[in-house]
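Enquirer: The sequence shown lines up with residues 71 to 430 when you count with this note's numbering. Virtual Cβ for every residue (Gly too), placed ideally from N, Cα, C. Being a predicted model, the structure only gives us computed values, none of them experimental.
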Amino acid sequence: MINVTKTFLPDKEEYIKYVHEIWDRGYITNNGPVLQQLEQELKDYLNVDHLYFCGNGTIVLQIAIKALELKGEIITTPFSYCATSNAILWENCTPVFVDIDAQTFNIDPTLIEASITPATSAILATHVYGNPCDIEAIEVVAEKHNLKVIYDAAHAFGVTYKGKSLLSYGDISTCSFHATKVFHTIEGGALISNHPELDKKLHLLRAFGHQGDDLYLYAGINGKNSEFHAAMGLVNLPQVPNIIQARKEVFEAYDSLLNWDVLSKPLISSDIEYNYAYYPVVFPSEEMMFRVMDALREQEIIPRRYFFPSLNTLSFMPRQFACPVSEDIALRVLSLPLYVGLPYSDIERISGIINGHLSP
Ligand SMILES: *Cc1c(COP(=O)(O)O)cnc(C)c1O
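(1) Would you report the Cα separation of MET358 and CYS124, rounded to the nearest angstrom?
(2) Under a three-way DSSP split, which group does GLY259 fall into?
(3) Helix, strand or coil: which one does DSSP assign to PRO188?
(4) What residue ranges within the region 107-176 form continuous beta strand (DSSP E) runs of no fewer than 3 residues, ordered along the chain?
(5) Helix, strand or coil for HIS464 per DSSP?
(6) Since HIS225 contacts GLY259 with CB under 8 Å, what's their CB separation in whole angstroms?
(7) Is ASN126 near ligand 1 - that is, is its Cβ less than 7 Å away from at least one heavy atom of it?
(8) Quick test of your reading: PRO373 and LEU337, contact by CB under 8 Å. State the CB separation rounded to the nearest angstrom.
(9) Taking 7 Å as the line, does the beta carbon of ALA224 fall inside it for any heavy atom of ligand 1?
(10) Would you check if the distance between the CB atom of ILE314 and the CB atom of LEU366 is smaller than 8 Å?
(11) Would you check whether ligand 1 has a heavy atom nearer than 7 Å to the C-beta of THR75?
(12) Tell me ALA195's beta-bridge partners as DSSP assigns them.
(13) Write down every uninterrupted run of the alpha helix (DSSP H) in the region 261-332 whose length is 4 residues or greater and which is fully enclosed by it, in chain order.
(14) Taking the runs of the alpha helix (DSSP H) that are 4 residues or longer, which of them lie wholly in the region 349-427?
(15) Sort out for me which residues DSSP pairs TYR231 with in a bridge.
(16) Sorted by chain position, which residues of the same chain lie with C-beta nearer than 7 Å to LYS141's C-beta, five sequence neighbours on each side aside?
(17) Within 10 Å of its beta-carbon, does ARG276 have 16 or more other beta-carbons around it, so buried, or fewer, so exposed?
(18) According to DSSP, is THR180 part of a helix, a strand, or is it coil?
(19) Would you call LEU131 buried or exposed, if buried means 16 or more other Cβ atoms sit within 10 Å of its Cβ?
(20) Compute the Euclidean distance between the alpha carbons of GLY127 and TRP160, then round it to the nearest angstrom.
(21) Do three or more CB pairs link the region 209-222 to the region 284-299 at distances below 8 Å?
(22) Could you round the C-beta distance between PRO202 and ILE342 to whole angstroms and report it? I think they count as a contact, below 8 Å.
(23) Out of curiosity, what's the CA-to-CA distance linking HIS427 and ILE129?
(24) Which residues in the same chain as PHE391 place their Cβ atom closer than 6 Å to its Cβ, once the five residues preceding and following it in sequence are excluded?
(25) Whether or not the region 179-191 and the region 245-265 are in contact is what I'm after, with contact meaning three or more pairs of Cβ atoms, one per stretch, closer than 8 Å; do they touch?
(26) What residues match up with ILE242 in a beta bridge as DSSP calls it?
(27) Nearest to PHE386 by alpha carbon, out of ILE135, CYS152, LEU116?
(28) Check this for me: beta carbons of TYR122 and LEU261, under 8 Å apart or not?
(29) From GLY411, LEU285, SER243, pick the residue whose C-alpha is nearest to that of ALA137; which is it?
(30) Which of helix, strand or coil does DSSP assign to ILE98?
(31) Restricting to Cα atoms, I'd like to know which of PRO354, ASN117, VAL104 is closest to SER235.
(32) Could you compute how far the alpha carbon of ALA157 sits from the alpha carbon of SER415?
(33) Quick one: what's ASN73 bridged to in DSSP?
(34) On a CA-only basis, which of PRO148, PHE378, LEU287 is nearest GLU356? Give me that one, please.
(35) With 16 other CB atoms within 10 Å as the buried threshold, where does VAL219 fall?
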């Protein structure tokens, strides 16, 4: 079976060396030395000053919302994984969905202003597929209306925008290090902030708001991660350039093999070094998308509908918004298998099946 993704596993012996070390020390969680080393190496790699390694890419969204004391309405994208808008709901805020740009599939900054009300406190946008949002335009509108900006950068590890890590933008950026992402720590995530004054708060919010022996300073949560997860990160981090190079080769193979007279794909920014996180293709109709998906599944090839449904259409959203572009693309998009070690012969076979089912 060929799945949409396959977890990258590093050299087992290298990981086991850390396991022995952790075992001998007898200290397995709560801000231990391996975790602190990972945080330092991530800061060096990403060239950022303030980074907190946490339990996953969802709790970091919640902590970001909490840390910035957001209330009321948060403007967000309907074209993302449900974790983005669920985090808003979980923090008792209201997601206000703004439609996406038909070329980049990221939130359309020209539509944001019309959705701002006196209750709006922030913009939470996803760099979908690791392709940067229109950061400059979002900044202009956020400054004009005094809004905070959080980027869900779950897809953006390893991406640089104008020479800087894409994770370094916004008031806070969050990342996911889940096993399915470009860089992983089994489960994991990170908060990256540009505010030194938030340091202590972020540090404390991820650990119950509990400082030292008996100080309880915030209504914090358990967003910690363990030494074993941090060790996976330390072993995987040096592999990131190889991982990205291998993904690039798969990506470029699809680029050259698929029939672009019929298919289309999002426009990737030219101001970036990309991480090749996903390979989404858009079909002219949902009917054709299903036809191709069924043909692939028959051959035990499992693409995924990333991202479907458009989040504004989920039944539990408190308010209704029309996002015609997002709703339309969500119906027609499929993400194809993309991972380190996917053989060229399989990419050819997958592309052949797809191209063979594109007649109207
Ligand atoms: C994966 C993902 C998350 C959630 O990350 P977890 O580490 O699985 O909690 C959040 N947002 C987006 C856009 C994602 O793709």
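Expert: From the atom records:
(1) As a working mapping, residue 358 is identified with position 288 in the sequence shown. As a working mapping, residue 124 is identified with position 54 in the sequence shown. Spanning the two alpha carbons is a distance of roughly 41 Å.
(2) For this step, residue 259 is matched to residue 189 along the sequence shown. In the structure shown, GLY259 sits in a strand (DSSP, three-state: E or B).
(3) Position 118 of the sequence shown, counted from the first residue, corresponds to residue 188. In this structure, PRO188 counts as coil in the three-state DSSP scheme.
(4) Here the runs fully enclosed are 120-124, 143-146, 164-167.
(5) Given a span of 71 to 430 for the chain in the structure shown, any question on residue 464 remains unanswerable.
(6) In the sequence shown, the residue the question calls residue 225 occupies position 155. In the sequence shown, the residue the question calls residue 259 occupies position 189. Actually they are not in contact, since the Cβ atoms of HIS225 and GLY259 sit about 12 Å apart, beyond 8 Å.
(7) Along the sequence shown, one-based indexing puts residue 126 at 56. Proximity of the beta carbon of ASN126 to ligand 1 is indicated: a heavy atom of the ligand is located closer than 7 Å.
(8) Here residue 373 refers to the residue found at position 303 when the sequence shown is read from its first residue. Here residue 337 refers to the residue found at position 267 when the sequence shown is read from its first residue. Beta-carbon to beta-carbon, PRO373 and LEU337 are separated by about 21 Å, too far to satisfy the 8 Å threshold.
(9) Within the sequence shown, residue 224 is the residue found at index 154, counting from 1. Yes, Cβ of ALA224 sits closer than 7 Å to a heavy atom of ligand 1.
(10) For the purposes of this step, residue 314 is taken as residue 244 along the sequence shown, with counting starting at 1. For the purposes of this step, residue 366 is taken as residue 296 along the sequence shown, with counting starting at 1. Going by C-beta atoms, ILE314 is not nearer than 8 Å to LEU366.
(11) Against the sequence shown, residue 75 aligns to sequence position 5. THR75 Cβ: outside cutoff for every heavy atom of ligand 1.
(12) For the purposes of this step, residue 195 is taken as the residue at position 125 of the sequence shown. ALA195 pairs with TYR221.
(13) Whole alpha helix (DSSP H) segments, 4+ residues: 269-275, 297-306, 310-327.
(14) Within the region 349-427, the complete alpha helix (DSSP H) runs of at least 4 residues are 356-368, 394-402, 414-425.
(15) Position 161 of the sequence shown, counted from the start, is the residue given in the question as residue 231. Partner(s): LYS234, ILE342.
(16) Within the sequence shown, residue 141 is the residue found at index 71, counting from 1. Contacts found: CYS163, SER191.
(17) Mapped onto the sequence shown, residue 276 falls at position 206. The residue in question, ARG276, is buried, as its Cβ has 16 or more Cβ neighbours within 10 Å.
(18) Working through the sequence shown from its first residue, we reach residue 180 at position 110. In the structure shown, THR180 falls within a helical segment according to DSSP collapsed to helix, strand and coil.
(19) Your numbering for residue 131 matches position 61 in the sequence shown. It is buried - the Cβ of LEU131 has at least 16 other Cβ atoms within 10 Å.
(20) Within the sequence shown, residue 127 is the residue found at index 57, counting from 1. Within the sequence shown, residue 160 is the residue found at index 90, counting from 1. Looking at the two C-alpha atoms, the distance is approximately 14 Å.
(21) The region 209-222 is not in contact with the region 284-299.
(22) On the sequence shown, residue 202 is found 132 positions in, with the first residue counted as 1. On the sequence shown, residue 342 is found 272 positions in, with the first residue counted as 1. About 6 Å; that satisfies the 8 Å criterion.
(23) Locating residue 427 in the sequence shown gives position 357, counting from the first residue. Locating residue 129 in the sequence shown gives position 59, counting from the first residue. In this structure, the CA atom of HIS427 is about 41 Å from the CA atom of ILE129.
(24) Reading the sequence shown from its first residue, position 321 is the one you call residue 391. By the criterion of a C-beta distance shorter than 6 Å, PHE391 is surrounded in its chain by PHE167, ASN382, once the five residues flanking it on both sides are discounted.
(25) No contact exists between the region 245-265 and the region 179-191.
(26) For the purposes of this step, residue 242 is taken as residue 172 along the sequence shown, with counting starting at 1. For ILE242, which the question treats as bridged, DSSP gives the partners ILE220, SER263.
(27) Residue 386 sits at position 316 when you count from the first residue of the sequence shown. The option with the nearest alpha carbon to PHE386 is CYS152.
(28) Taking the first residue of the sequence shown as position 1, residue 122 is located at position 52. Taking the first residue of the sequence shown as position 1, residue 261 is located at position 191. Their beta carbons are under 8 Å apart, which means TYR122 touches LEU261 by this criterion.
(29) Stepping through the sequence shown from its first residue, residue 137 is reached at position 67. Looking at the Cα atoms, SER243 is the closest of the given residues.
(30) For the purposes of this step, residue 98 is taken as residue 28 along the sequence shown, with counting starting at 1. Coil, per DSSP.
(31) Within the sequence shown, the letter at position 165 stands for residue 235. It is ASN117 whose Cα lies nearest to the Cα of SER235.
(32) Taking the first residue of the sequence shown as 1, we reach residue 157 at position 87. Taking the first residue of the sequence shown as 1, we reach residue 415 at position 345. Distance between the alpha carbons of ALA157 and SER415 is about 40 Å.
(33) The residue given as residue 73 occupies position 3 in the sequence shown. Paired residues: ILE372.
(34) One-based indexing of the sequence shown puts residue 356 at position 286. When C-alpha distances from GLU356 are compared across PRO148, PHE378, LEU287, the shortest belongs to PHE378.
(35) Taking the sequence shown and counting its residues from 1, the one referred to as residue 219 is at position 149. Answer is buried; the Cβ neighbour count reaches 16.
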